[in-house]
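Participant: Structure in structure tokens, see below.
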Amino acid sequence: MSEPPFSDADFEDADRGFIAALKPGVVHDRGRVVWNNDAYDFLADDCPATVDPSLWRQSRLCAKQGLYEVVPGIYQVRGLDLSNMTLVEGERGMIVIDPLVSVETAAAALALYRQHRGERPVTAVIYTHSHVDHFGGVEGVVSGEVPVLAPAGFMAHAVSENVYAGIAMARRGTYQYGMLLPKGPDGQVGTGLGQNVSTGRVSLIPPTVDITRTGQEETLDGVRIQFQLTPGTEAPAEMNVYFPEHRALCLAENATHNMHNVLTLRGAEVRDARMWSRYLTETIARYGEHTDVAFASHHWPTWGGERVRKFLTEQRDLYAYLHDQTLRLTNLGYTGLEIAERIVLPPALDNAWHARGYYGSVSHNVKAVYQRYMGWFDGNPASLWEHPPTESAKRYVECIGGVDRVVKKAREYASAGDLRFAAQLLKHAVFAEPDHAAAKELLADTYQRLGFGSENATWRNYYLTGAHELRSGIVPTQVSISGGMAAALTVEQILDSVAIRVDGPRAADTRLVIDWHVTDVDEHVRTTLSNGALSQEPVRDDGPADLALTLTKAQLLGLIAGQQPEGIDYRGDRATLGRLVGLVDEPDPNFPIVTP
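For the sequence shown, numbering that gives the first Met the number 0 gives the first residue as 0, with consecutive numbering after it.
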């Protein structure tokens, strides 16, 4: 892998239009720090031996913080969260695009803007896509009713991750973002996409206007805006936003200054690299000749029509290359693991800083493309029915001659520079004997060395968090759905959240039927527990339920949260609800990852 020259235009672009920084660069919530960009002041120093120089450069760029002018009338606040907040001035006030993760950081960004641009009201909000870092702070910028625009399907996708695999994603997210690591040369230096994720209050105001087609045009506060829908790219519901009078293109998160994820390490549905590249082709065709500046909800803008077109073309080709070459090799009989070792980017892409794998990587993106088409199975019969990690580890350790022998061999591989295989050996040792101190310490040391050498920020964070937990244990955290997110759940999603927590083996011999009349949304739903599965359907005249409840959605949420809301009308056997609740598990937000 080659490396592009360190003398390039990125630092000039990242500094261009700077107006002022938030001083100090810290945001609080009732005394609790929810964002601290000043913690990254160490990046002003020379790159240490514990960080890849290319990643150090990227983190320096991402750590730049403050209010910036993109073009007259369009401003961005960067460095106050994982994402950027964009403000477009209109006739009476301003339009806010993507109000960050947390209410507190969004409010701080708005205050910084107003300090230097005046007390303009927020007249509209645009969510470019359905990830929380693009809507979670909305209540920090909007106090009254204003138009809120989002791509079609936004609400379903914005809340669904929290319902289904949210606990597991959040746990793995602490690894991906390095949220429990100290900031510094031996710890977290950023995420490649931004520096970190704020930890304030998450909110959600449902959209009032759906963008349903490419080419749809809206005028907000006197500003003409055109939209390009890009579903299934970086997010299931996403769109680019074009400002013809400014000749400015907002690329949401479809083209940023790093290779993005086809499948994020925290877990998600696999994204469609083929459609990603095709939507960027459409972007170039629709807006390429009419754009003087392109900006996104992460990183810094690119100015100049020719530079914008080159940037978009290379981003388009990046995802197309990963997709097409993975399938070419798949059809030659290679597996995902094998393909990930074979694919090297063409020189023009490999030498483009914005195509470097700081957040996504060639390795895990290629495996994701393979997974999208071929699934988890590599085609080898031996892979059909493997032992789970602990049972497999015990057998490997026995074959090698015991844990001490495994540790000795792993030390030899590590000394020879093969840290990857050393880590595999030591994983078996730790899963076979979790209390073996030498195995855990050597595995922690191996993960640390892998992290220090990684250009990819999320790989670094994953390795270093693994090392930290091997040495210090799991730091307990709590995961909960915010009030705004909970209120946005549909009745179907709320009941789904119960169904996926039913302990199937314990519930296998229980049958019960509960009807739910949710008055404020006028829904009548029947849930039936049978054979360990909780199913739901509209209430029909096919027999009485064991229990019927009439309640509001807020009361339903309270019941699910273990509360006893007043005002619910119960008809039938109230013990039925207790029987169901008794069969529901509490998810574990602190499950082990690097130990069994």
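All C-beta atoms in this analysis are idealised placements derived from N, C-alpha and C, irrespective of residue type, glycine included.
#1: Using the Cβ count rule (16 or more neighbours within 10 Å means buried), how would you classify Arg171?
#2: With distances taken from CA atoms, which of Met93, Tyr286, Thr290, Val474 is nearest Arg116?
#3: Which residue's Cα is closest to the Cα of Ala13: Gln64, Glu138, Ala48, Ala38?
#4: Can at least three beta-carbon pairs, one atom from the region 150-170 and one from the region 430-448, be found at a separation below 8 Å?
#5: Which two residues bound the contiguous alpha helix (DSSP H) that contains Cys61?
#6: In chain order, what are the residue ranges of uninterrupted alpha helix (DSSP H) at least 4 long that sit wholly in the region 387-456?
#7: What is the DSSP secondary structure of Gln64, counted as helix, strand or coil?
#8: CA-CA distance, Met258 and Ser479?
#9: State the CB to CB distance for the pair Val95 and Val140, rounded to an integer number of angstroms; the pair is presumed to be in contact (CB under 8 Å).
#10: How close, in whole Å, do the beta carbons of Thr389 and Phe430 come, if the pair is a contact with beta carbons under 8 Å?
#11: Determine the burial state of Glu144: buried for a count of at least 16 other Cβ atoms within 10 Å of its Cβ, exposed for fewer.
#12: Can you say whether Gly609 is buried or exposed, counting buried as having 16 or more other CB atoms within 10 angstroms of its CB?
#13: Could you tell me which residues DSSP puts in a beta bridge with Gly571?
#14: In three-state DSSP terms, what is Asn350?
#15: Tell me whether the region 40-60 and the region 232-245 touch, counting them as touching only if at least three CB pairs, one residue from each stretch, are closer than 8 Å.
#16: Have a look at Asp521 and Lys552 and give me their C-alpha separation to the nearest angstrom.
#17: Taking Ser529 as the reference, give the member of Arg505, His516, Gly542, Ser382 with the closest Cα.
#18: Less than 6 Å between C-beta atoms, sequence neighbours within five positions excluded: which residues of the same chain meet that for Gly483?
#19: Assess contact between the region 536-552 and the region 563-573, defined as three or more Cβ pairs (one per stretch) separated by less than 8 Å. Is contact present?
#20: Look up Leu317 in the DSSP assignment and give the residues it is bridged to.
#21: Would you identify the three-state DSSP class for Tyr333, choosing helix, strand or coil?
#22: Going by alpha carbons, who is nearest to His298 out of Leu550, Glu432, Gln75?
#23: Give the list of continuous beta strand (DSSP E) stretches no shorter than 3 residues that lie fully inside the region 151-223.
#24: With three or more C-beta pairs closer than 8 Å as the rule, is the region 216-228 touching the region 495-514?
#25: Quick check on the DSSP output: the beta strand (DSSP E) that includes Trp34 runs from which residue to which?
#26: Short of 7 Å in beta carbon distance, which residues of its chain neighbour Pro300, apart from the five on each side in sequence? Order them along the chain.
#27: In terms of DSSP beta bridges, what is Thr527 paired with?
#28: Tell me the DSSP secondary structure of Ile493 in three-state form.
#29: For Leu66, which residues in the same chain have their Cβ closer than 7 Å to its Cβ, ignoring the five residues on either side in sequence?
#30: Ala347 to Asn195, Cα distance in whole Å?
#31: Does DSSP put Arg77 in a helix, a strand or coil?
#32: For Ala108, which residues in the same chain have their Cβ closer than 6 Å to its Cβ, ignoring the five residues on either side in sequence?
#33: So what's Asn460 in DSSP terms, helix, strand or just coil?
#34: For a quick check, are the C-beta atoms of Glu103 and Asp37 less than 8 Å apart?
#35: Given 8 Å as the limit, is there contact between the region 350-362 and the region 301-315, that is, 3 or more CB pairs closer than that?
#36: Does the Cβ of Gly531 lie closer than 7 Å to at least one heavy atom of the ligand FMN?
Facilitator: Here's the rundown:
#1: As a first step, residue 171 is located in the sequence shown; it is residue number 172 there, counting from the start. Buried, because 16 or more other Cβ atoms sit within 10 Å of the Cβ of Arg171.
#2: Against the sequence shown, residue 116 aligns to sequence position 117. It is Met93 whose Cα lies nearest to the Cα of Arg116.
#3: Translated into positions along the sequence shown, residue 13 becomes position 14. The option with the nearest alpha carbon to Ala13 is Gln64.
#4: no
#5: As a working note, residue 61 is residue 62 in the sequence shown. Its alpha helix (DSSP H) spans residues 52-61.
#6: 388-399, 402-414, 418-431, 436-451
#7: As a working note, residue 64 is residue 65 in the sequence shown. Coil at Gln64, not helix or strand.
#8: Working through the sequence shown from its first residue, we reach residue 258 at position 259. Working through the sequence shown from its first residue, we reach residue 479 at position 480. When rounded, the distance between both Cα atoms is 30 Å.
#9: Looking up residue 95 in the sequence shown gives position 96. Looking up residue 140 in the sequence shown gives position 141. Indeed they touch by this definition, with Cβ atoms about 5 Å apart.
#10: For this step, residue 389 is matched to residue 390 along the sequence shown. For this step, residue 430 is matched to residue 431 along the sequence shown. About 5 Å separates the two Cβ atoms, so the contact holds.
#11: On the sequence shown, residue 144 is found 145 positions in, with the first residue counted as 1. That one is exposed.
#12: Residue 609 lies beyond the range of the chain shown here (0 to 595); nothing can be said about it.
#13: Within the sequence shown, the letter at position 572 stands for residue 571. According to DSSP, which records beta bridges pairwise, Gly571 is partnered with Leu546.
#14: Counting from 1 along the sequence shown, the entry for residue 350 is found at position 351. Coil at Asn350, not helix or strand.
#15: no
#16: Here the question's residue 521 lines up with position 522 in the sequence shown. Here the question's residue 552 lines up with position 553 in the sequence shown. For Asp521 and Lys552, the distance between alpha carbons rounds to 10 Å.
#17: The count along the sequence shown starts at 1 and reaches residue 529 at position 530. The candidate whose alpha carbon is nearest that of Ser529 is Arg505.
#18: Counting from one through the sequence shown, the residue named residue 483 turns up at place 484. For Gly483, where only same-chain residues beyond five positions count, the Cβ hits under 6 Å are Ser202, Leu203.
#19: yes
#20: Within the sequence shown, the letter at position 318 stands for residue 317. Per DSSP, none; premise fails for Leu317.
#21: Residue mapping note: residue 333 aligns to position 334 of the sequence shown, counting from 1. In the structure shown, Tyr333 sits in coil (DSSP, three-state: anything other than H, G, I, E or B).
#22: As a position in the sequence shown, residue 298 is number 299, starting the count at 1. Looking at the Cα atoms, Gln75 is the closest of the given residues.
#23: 208-210, 216-219
#24: no
#25: Taking the first residue of the sequence shown as position 1, residue 34 is located at position 35. Residues 31-35.
#26: The sequence position of residue 300 within the sequence shown is 301, counting from 1. Closer than 7 Å at the Cβ level, and outside the excluded window around Pro300, lie Asp12, Val69, Val292, Ala293, Phe294.
#27: Taking the first residue of the sequence shown as position 1, residue 527 is located at position 528. Val512, Ser534.
#28: Taking the sequence shown and counting its residues from 1, the one referred to as residue 493 is at position 494. If DSSP states are grouped into helix, strand and coil, Ile493 belongs with the helices.
#29: As a working note, residue 66 is residue 67 in the sequence shown. Closer than 7 Å at the Cβ level, and outside the excluded window around Leu66, lie Ile18, Ala19, Tyr74, Val76, Leu111, Tyr112, His115.
#30: Sequence index remark: in the sequence shown, residue 347 carries index 348 (1-based). Sequence index remark: in the sequence shown, residue 195 carries index 196 (1-based). Going by the C-alpha atoms only, they are around 30 Å apart.
#31: The sequence position of residue 77 within the sequence shown is 78, counting from 1. Correct three-state label for Arg77: strand.
#32: One-based indexing of the sequence shown puts residue 108 at position 109. Within the same chain, Ala108 has close Cβ partners Val76, Leu79, Met84.
#33: Reading the sequence shown from its first residue, position 461 is the one you call residue 460. The answer is helix: DSSP assigns Asn460 an H, G or I state.
#34: Counted from its first residue, the sequence shown places residue 103 at position 104. Counted from its first residue, the sequence shown places residue 37 at position 38. No, they are not a contact pair.
#35: yes
#36: Of the ligands one can find in the structure shown there are none, so the ligand FMN has no counterpart to examine.
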